[in-house]
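Beneath this line is the structure, given in C-alpha cells, with notes to follow.
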Amino acid sequence: MTAAISHFDIDAIRAEFPILQQQIEGNPLVYLDNAATTQKPKAVIQAITNYYTQCNANVHRGAHHLADEATRRFEQARDTVAAFIRANDRSEVIWTSGTTEAINIVANGIGQRLQPGDEVLVTEMEHHANLVTWQQACKRSGASLKVAPIHDNGALDTAAFTRLLTDNTKLVALPHVSNALGTVNPVKTLTAEAHAKGALVLIDGAQGIAHGGVDVSDIGCDFYAFSGHKLFGPTGVGVLWGKKAVLQDWPVWQTGGEMIARVTYQESTWGELPNRLEAGTPNIAGVIGLAAAIDWFNQFDLTAVQAHERRLLDYATEQAHSFDGLQIVGTAADKIGVFSFLLEGSHPADVGFLLDKQGIAIRTGSHCAQPLMQRLGVPGTARASFSVYNTLQEVDALFIALKKARQMLA
Amino acid sequence: MNLPGYEDIIEDLAFFDDWEQRYQYIIDLGKSIPKLAAEQKTDELLVPGCQSKVWLLSHTKDGVLQFQADSDAVIVNGLLAIVLAAYHNQTPARILAFDIDDYFQTLDLERHISPTRGNGLRAIVAKIQGLAKQAQS
Chain A
717 MTAAISHFDI DAIRAEFPIL QQQIEGNPLV YLDNAATTQK PKAVIQAITN YYTQCNANVH
777 RGAHHLADEA TRRFEQARDT VAAFIRANDR SEVIWTSGTT EAINIVANGI GQRLQPGDEV
837 LVTEMEHHAN LVTWQQACKR SGASLKVAPI HDNGALDTAA FTRLLTDNTK LVALPHVSNA
897 LGTVNPVKTL TAEAHAKGAL VLIDGAQGIA HGGVDVSDIG CDFYAFSGHK LFGPTGVGVL
957 WGKKAVLQDW PVWQTGGEMI ARVTYQESTW GELPNRLEAG TPNIAGVIGL AAAIDWFNQF
1017 DLTAVQAHER RLLDYATEQA HSFDGLQIVG TAADKIGVFS FLLEGSHPAD VGFLLDKQGI
1077 AIRTGSHCAQ PLMQRLGVPG TARASFSVYN TLQEVDALFI ALKKARQMLA
Chain B
266 MNLPGYEDII EDLAFFDDWE QRYQYIIDLG KSIPKLAAEQ KTDELLVPGC QSKVWLLSHT
326 KDGVLQFQAD SDAVIVNGLL AIVLAAYHNQ TPARILAFDI DDYFQTLDLE RHISPTRGNG
386 LRAIVAKIQG LAKQAQS
C-alpha cells in the first residue's frame, strides 16, 4: 500500500513532527483530528523560538535593530500569505486571531450597513463561527438570515441557493469546505452568482486553506477567512483577506494603537490598510510561525499532497463499506479530508472514548455545527480528519480500533 | 433501583488489570441501570455541560435522596451508575460529606471527574450536591 501513496517521503514528513512520535496508553499516537487543528512541524516551532531568541521586539515603531528585524520578519510574513492565496496586494492581508475574528470583522462592518429588508445568505452546513456571527448581525440590524439547504448527502443544494439569492441579498457567507462533513463547495460559481445580485461574498476558509491551492483572485470572493493553526501554524493567529476596494473604507474593528492616522483628545482619523484593521500589538510570533508553516507546506508538490489526502479518504471510505454497522455521514461527490461517521447503535462519544483508549485521536460531537446535526437527524458524529502526515496504516489502525469498540459496545 | 453499592464497585474494578476489562465492566454497568422512560426525558431534567445527553431525576423519600439518571451514551451511563452508587438513597448530609474525587481516584477513573473533562460528570455531581444542599436547608 505505502509504495503507492505518494511522490513524497511520508516517513521524512512524519519525522518533522515531534508530537507524532509519542505513545498514548501504550499505543503509537494516531492523530486524526486535523480538522480541529493540525500538528506543527519543527520548522514552525523553530521559527517561533528564533523570533523569541533573536529578535523579539514590538513591530513598526521601534528605533532599534531588534524592532527592525522583527518588523521585517512580520511584514515578510504578509507577503508570504499574500502569495500563498494569490492576493493582488499585500495590504489586503489582515492579521487576526483566527477565522472567527476575521468573520467578526466582516460582520461588524456589514452589520453597520444592514437594514430591515436586507438579507444575509448562509448554508445549512455552517460552523457556528459562520452562523452565529451572521445571525446576531441580522438580529441587531433587522436584516433577515436566509439559510441555503443541503441535500441529505451533505452537498449544497445549489439550485435552492440560487433561488434564495435576491436583490436584497447583501452578503453571502459560506464555507469553502465543511468542517463536519468535508463537503467542498463550488465557491467560484456561487460567488459569481452572488455578485450578479450585487451581494458581497465571504468564504470561511478554515478548512479549505489546509488542502492548498486557494486562489482568492480566481474564486473572485470579497473576503476569505482562515486560521493559522489548521495550516500547521500556531494557534491565535489567522487571516482576513479582503479585496482592497472593499476593505479600504471598511468600518474599523478594534480601536487603539497602530490603526490610527492622527489623534487628538476629541477626534481620530484612521490609518491605511492593513493597519486600520489591526489595532494593538499583533501576535508577532504567531504571524512569523504561520509564514514558516506556509514555507514548509510550499516545499511539497501540491498535486502529490492532494492525491495523498484523496487516497487516505478513499481508503477509509472503502474500508467503511465493508464494516458492518458503520454509516458515513456526508457523502457529497466533492469531499476532502473529513471522514464523519456513526456506528450503529452507539453514541459517537462512546466510540471516540474507546478509540482514544487505543491511541486514536478523533473528534466526536456536533463539531460546532449543532443546526447541521439537527438537519441530518444525528446526535453528532465521530469524525476522523486527515492531513499530509497521515498514512494508510493509520487508517488501518482506525478500523482495527473501531472493530474493538464495536465489539465492546455490542 | 438495583445499583451495586460503591464498595462493590471499588472491589470489582480493582479486580481487572487491563483497560478493556475495566471499560467492558463500565459499559455493562451502563447497560444494566434502569432507563428513564421516553416521557421522563424532559428538557428540564437535562443536565447541561455534557457532550451526550444526560437526564437526572431526583426525589426525597424518608429523609434520603433518590436518583435516577440516564444518558444516550453507554459509557456515561456506566459512570452515572458509579456516581449514583455513592449518592442514591443517602441523606443530604452523607451526600455532602462524600469525597467523590477520592472515590474516583480509588477507582482510577479520576480523569472522568476532572473539571477539564468534557463529559459533564462533574456537572452531574455538582447538580446532586446542589440538590442535597437544597434538601438540607
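Line by line, the protein sequences give chains A and B.
Using the working numbering, the first residue of the first sequence is number 717, and each one after it goes up by one.
Using the working numbering, the first residue of the second sequence is number 266, and each one after it goes up by one.
In this text, a Cβ means the ideal position worked out from N, Cα and C, and glycines have one as well.
Note that this is a predicted model, so its numbers are computed, not measured.
Simplified DSSP assignment, three categories, for residue i
{"i": "Glu285/B", "result": "helix"}
{"i": "Ser1082/A", "result": "coil"}
{"i": "Phe1069/A", "result": "helix"}
{"i": "Thr874/A", "result": "helix"}
{"i": "Asp727/A", "result": "helix"}
{"i": "Pro891/A", "result": "strand"}
{"i": "Gly343/B", "result": "helix"}
{"i": "His843/A", "result": "coil"}
{"i": "Asn991/A", "result": "helix"}
{"i": "Gly958/A", "result": "strand"}
{"i": "Ile298/B", "result": "coil"}
{"i": "Ser336/B", "result": "strand"}
{"i": "Glu304/B", "result": "helix"}
{"i": "Asp934/A", "result": "helix"}
{"i": "Phe942/A", "result": "strand"}
{"i": "Trp850/A", "result": "helix"}
{"i": "Glu835/A", "result": "strand"}
{"i": "Lys886/A", "result": "strand"}
{"i": "Thr905/A", "result": "helix"}
{"i": "Tyr747/A", "result": "strand"}
Distance between residue j and residue i (C-alpha atoms, nearest Å)
{"i": "Gln852/A", "j": "Trp957/A", "result": "22 angstroms"}
{"i": "Leu1018/A", "j": "Asn824/A", "result": "35 angstroms"}
{"i": "Thr765/A", "j": "Asn804/A", "result": "31 angstroms"}
{"i": "Asp364/B", "j": "Glu375/B", "result": "12 angstroms"}
{"i": "Ser402/B", "j": "Leu396/B", "result": "10 angstroms"}
{"i": "Ala1098/A", "j": "Val1067/A", "result": "7 angstroms"}
{"i": "Leu947/A", "j": "Ile1010/A", "result": "8 angstroms"}
{"i": "Ala351/B", "j": "Ala388/B", "result": "16 angstroms"}
{"i": "Ile1004/A", "j": "Met975/A", "result": "20 angstroms"}
{"i": "Leu837/A", "j": "Lys904/A", "result": "16 angstroms"}
{"i": "Trp284/B", "j": "Gln331/B", "result": "31 angstroms"}
{"i": "Arg789/A", "j": "Ala1126/A", "result": "56 angstroms"}
{"i": "Gln828/A", "j": "Ala961/A", "result": "18 angstroms"}
{"i": "Pro269/B", "j": "Gly1081/A", "result": "30 angstroms"}
{"i": "Asp373/B", "j": "Tyr271/B", "result": "14 angstroms"}
{"i": "Asp293/B", "j": "Thr754/A", "result": "36 angstroms"}
{"i": "Gln738/A", "j": "Asp965/A", "result": "49 angstroms"}
{"i": "Gln798/A", "j": "Ile347/B", "result": "Residue identity check: residue 798/A is Ala in the sequence provided, not Gln. Approximately 55 angstroms, taken between the alpha carbons."}
{"i": "Val893/A", "j": "His1083/A", "result": "13 angstroms"}
{"i": "Lys1119/A", "j": "Val848/A", "result": "37 angstroms"}
{"i": "Arg794/A", "j": "Val1104/A", "result": "24 angstroms"}
{"i": "Met1124/A", "j": "Phe1115/A", "result": "14 angstroms"}
{"i": "Asn901/A", "j": "Leu993/A", "result": "28 angstroms"}
Residue range of the unbroken beta strand (DSSP E) whose run includes residue i
{"i": "Leu310/B", "result": "No beta strand (DSSP E) contains Leu310/B, which DSSP labels as neither H nor E."}
{"i": "Ile1044/A", "result": "Leu1042 to Ile1044"}
{"i": "Ser323/B", "result": "Val319 to Lys326"}
{"i": "Ile1132/A", "result": "Lying before the first or after the last residue shown, residue 1132/A is absent from chain A, which here runs from 717 to 1126."}
Proximity test, Cβ basis, 9 angstroms: residue i and chain E
{"i": "Lys306/B", "result": "Although the question refers to chain E, the structure presented lacks it and instead comprises the protein chains A and B."}
Cβ pair residue i, residue j closer than 9 angstroms
{"i": "Asn743/A", "j": "Asn1106/A", "result": "no"}
{"i": "Phe939/A", "j": "Gly924/A", "result": "no"}
{"i": "Ile935/A", "j": "Ala889/A", "result": "no"}
{"i": "Ala864/A", "j": "Asp1050/A", "result": "no"}
{"i": "Ile340/B", "j": "Gly385/B", "result": "no"}
{"i": "Ser323/B", "j": "Asp337/B", "result": "no"}
{"i": "Leu321/B", "j": "Ile393/B", "result": "yes"}
{"i": "Cys937/A", "j": "Val917/A", "result": "yes"}
{"i": "Ser857/A", "j": "Asp834/A", "result": "yes"}
{"i": "His927/A", "j": "Glu1025/A", "result": "yes"}
{"i": "Leu745/A", "j": "Gly1075/A", "result": "yes"}
First and last residue of the uninterrupted alpha helix (DSSP H) at residue i
{"i": "Asp795/A", "result": "His781 to Phe800"}
{"i": "Leu1125/A", "result": "Leu1108 to Leu1125"}
{"i": "Glu817/A", "result": "Thr815 to Gly827"}
{"i": "Ile1004/A", "result": "Ile1000 to Asn1014"}
{"i": "Tyr768/A", "result": "Lys758 to Gln770"}
{"i": "Phe1055/A", "result": "Note, Phe1055/A: premise wrong, no alpha helix (DSSP H); beta strand (DSSP E) at Val1054 to Leu1059."}
{"i": "Ala922/A", "result": "Where Ala922/A is concerned, there is no enclosing alpha helix (DSSP H), given that its DSSP letter is neither H nor E."}
{"i": "Lys398/B", "result": "Leu386 to Gln401"}
{"i": "Ile275/B", "result": "Tyr271 to Phe280"}
Contact test: residue i Cβ vs the ligand GTP heavy atom, cutoff 8 angstroms
{"i": "Phe1057/A", "result": "Among the components of this structure there are no ligands whatsoever, and the ligand GTP is therefore not found."}
Does the count of Cβ pairs from the segment 997-1006 of chain A and the segment 824-842 of chain A closer than 8 angstroms reach three?
-> no
Examine the Cβ distances between the segment 751-764 of chain A and the segment 725-743 of chain A and report whether three or more of them are shorter than 8 angstroms.
-> yes
Should the segment 1057-1065 of chain A be called in touch with the segment 1026-1042 of chain A, which here means at least 3 C-beta pairs below 8 angstroms?
-> yes
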